[in-house]
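In our numbering, the protein residues as written are 5 to 575. Just so you know, even glycine gets a beta-carbon here, dropped at the ideal spot from N, CA and C. Here is the structure we will look at, set down as structure tokens.
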């Protein structure tokens with residue numbers, strides 16, 4: 005995949021603040037996230053600063069512009085609950101797509117005739133994201149074009165004549181994602197095309213002795229300058245698309261504890277969504293496999309691919325590192341969806357975040373890396389898509405994108421389906437006073453308390469407002485909640501106390517380190533890291549046990565008593 009070069013632009017950004025994790029309430033230990041998640045303040049700052057960088061440089065090439073616009077939309081969906089249809093990069097990219105489509109197939113500069121197949125694929129995904137009703141004719145045309153480009157053996161490549169018999173794992177990655185997204189948005193996708201694609205991926209994996217994928221194939225043989233070179237970037241592209249298409253065609257059951265179960269708690273924090281799926285025809289509502297194929301060969305390819313990762317996984321590679329991270333995120337998501345975990349690398353996301361922290365520049369963009377065919381707009385776009393876990397927000401429950409975009413709904417709501425299939429909203433918290441009022445009510449149900457947790461971001465921001473007396477009273481109330489029997493009340497309290505850099509909160513957080521729920525222990529530990537400024541000096545293992553948290557509690561207690569020897573600790 006090649007993107008045109010662009011000039012480098014630089015402007016000043018404030019340094020990113022190191023702030024403690026406000027981890028999601030889901031059990032992240034098997035989902036790649038121990039210390040970080042997309043909602044972590046530092047992760048969010050990196051993603052949003054990168055969006056500002058992209059906005060400032062305004063990529064001009066068609067491929068990099070559409071990719072940048074896609075990164076902007078996924079970032080906004082993750083953090084703002086909106087599809088940013090008026091963002092200048094989104095407007096510019098959509099205009100360029102429509103201009104290309106309107107030229108007609110006889111014009112080789114039109115987007116349908118674009119040689120690089122990934123461009124109409126990305127265009128299809130972006131239009132689905134922006135408005136799948138308004139652009140339904142254009143999306144349908146792009147889907148038909150992608151179907152037309154498939155080779156007889158099921159593979160894809162650049163559409164030029166010189167490439168007519170060559171299979172390209174990288175191009176297949178974007179086609180697979182585009183077909184999946186279009187189907188998800190209710191568009192008719194030829195299931196035989198998806199079937200041949202997943203069969204090509206399974207077969208092409210079997211041709212490679214290492215159980216991976218080559219970049220280009222000529223039949224069963226490697227092709228081109230890369231020849232038989234195996235790379236993690238192409239491996240992630242092939243493995244992720246294999247899992248994605250198997251999920252699309254319902255060839256394997258989904259794990260109840262994987263990404264599918266995690267999706268609700270991973271939506272942007274102020275909205276949880278369940279909406280009745282669109283009618284995508286009989287095939288779309290059918291249980292079990294949608295096509296007849298050799299599932300055994302697909303599962304064998306998965307096992308080989310997973311073993312390759314087990315033997316070769318690293319987070320930083322020499323070439324195309326950002327492309328690799330974007331493909332890795334998709335592979336991990338769909339594998340978690342199928343199997344419940346990426347067991348060989350349970351902290352893949354944490355490792356990726358830490359690596360990206362070392363690559364961000366002062367202007368918010370990410371360094372170019374060692375790929376001569378890329379530029380900082382491309383690397384920054386891929387970095388954003390990794391940081392926001394784009395597969396989670398791109399692949400929401402069917403027909404939920406408008407609800408997730410918060411169009412027509414108030415902020416901080418839970419949207420649920422009524423018995424008659426309609427949609428109603430449950431109001432969430434409106435600020436710190438609203439939170440305090442509900443917490444003082446002992447009869448609040450758990451689902452209401454869970455909603456507070458999911459929509460408490462704005463309330464946390466408001467916690468710093470008001471006079472000292474008011475804030476101290478609220479702090480004292482929150483400290484008292486760490487001894488509550490109800491899990492959600494304890495979690496809400498620890499989240500608030502961990503956010504505030506106040507030494508008086510330390511005794512309550514020390515008490516929370518002994519909580520029976522290890523997620524609360526993790527929150528308390530991160531809060532103490534923030535308050536103490538000792539971000540790395542006291543650490544816990546990635547999957548710490550209750551006994552290990554007790555040991556950490558002793559370390560934090562020793563630190564605190566050296567500072568405040570007369571302090572009273574909670575028993």
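- As DSSP reads the structure, residue 370 sits in a beta bridge with 364.
- With respect to residue 231, residue 217 sits apart: the two C-beta atoms are not nearer than 9 Å.
- Contact between residue 58 and residue 102 does not hold, since the beta-carbon distance rounds to 21 Å and is not under 8 Å.
- In the structure shown, residue 164 falls within a coil segment according to DSSP collapsed to helix, strand and coil.
- The beta-carbon separation of residue 89 and residue 129, rounded to 15 Å, does not stay under the 8 Å limit for a contact.
- In this chain, the alpha helix (DSSP H) harbouring residue 303 covers 299-316.
- Distances from the alpha-carbon of residue 292 to those of 310, 257, 301, 318 put 257 closest.
- For residue 90, no beta strand (DSSP E) run applies, since DSSP gives it neither H nor E.
- Beta-bridge partners assigned by DSSP to residue 172: 220.
- Residue 206 and residue 250 have their C-alpha atoms some 10 Å from each other.
- As DSSP reads the structure, residue 226 sits in a beta bridge with 221.
- For residue 350, there is no enclosing alpha helix (DSSP H), as DSSP gives it neither H nor E.
- Excluding sequence positions up to five before and after residue 70, its CB lies within less than 8 Å of the CB of 97, 100, 101, 123, 126, 127, 130, all in the same chain and listed in chain order.
- When the beta-carbon positions are compared, residue 259 and residue 198 stay at least 9 Å from each other.
- Straight across, the Cα-Cα distance linking residue 162 with residue 544 is about 48 Å.
- Take residue 335, set aside five residues on each side of it, and the residues of its chain with a beta-carbon closer than 6 Å to its own are 240, 243, 244, in chain order.
- The straight-line gap separating the alpha-carbon atoms of residue 561 and residue 40 is approximately 25 Å.
- With fewer than 16 other CB atoms across the displayed protein chains lying within 10 angstroms of its CB, residue 567 is exposed.
- Apart from sequence neighbours up to five positions away, the residues of its chain that approach residue 529 with a beta-carbon distance below 7 Å are 517, 544, 556, ordered along the chain.
- In this structure residue 170 does not touch residue 91 by the C-beta definition: roughly 37 Å separates them, more than the 8 Å allowed.
- The beta-carbon separation of residue 72 and residue 63, rounded to 5 Å, stays under the 8 Å limit for a contact.
- Per DSSP, reduced to three states, the secondary structure at residue 519 is coil, with no helix or strand assignment.
- Taking a C-beta distance under 9 Å as the contact criterion, residue 338 and residue 395 qualify as a contact pair.
- Distance check between residue 176 and each of 203, 189, 191 places 203 closest, using alpha-carbon atoms only.
- Just so you know, the alpha carbons of residue 391 and residue 570 end up roughly 43 Å apart.
- Here residue 537 is exposed. Its C-beta has fewer than 16 other C-beta atoms within 10 Å.
- If you draw a straight line from the Cα of residue 318 to the Cα of residue 81, it comes to about 29 Å.
- For the pair residue 50 and residue 387, the CB atoms are nearer than the 9 Å cut-off.
- Taking the Cβ atoms as the reference, residue 309 lies roughly 13 Å from residue 248, outside the contact range of under 8 Å.
- Residue 120 is positioned such that its CB atom lies no closer than 9 Å to that of residue 159.
- Taking C-alpha positions only, residue 348 is separated from residue 314 by approximately 6 Å.
- In the structure shown, residue 569 adopts coil according to DSSP, grouped into three states.
- Around the beta-carbon of residue 351, 16 or more other beta-carbon atoms lie within 10 Å, marking it buried.
- DSSP, read as helix, strand or coil, puts residue 134 in helix.
- In this structure, DSSP gives residue 480 a helical state, which the three-state scheme calls helix.
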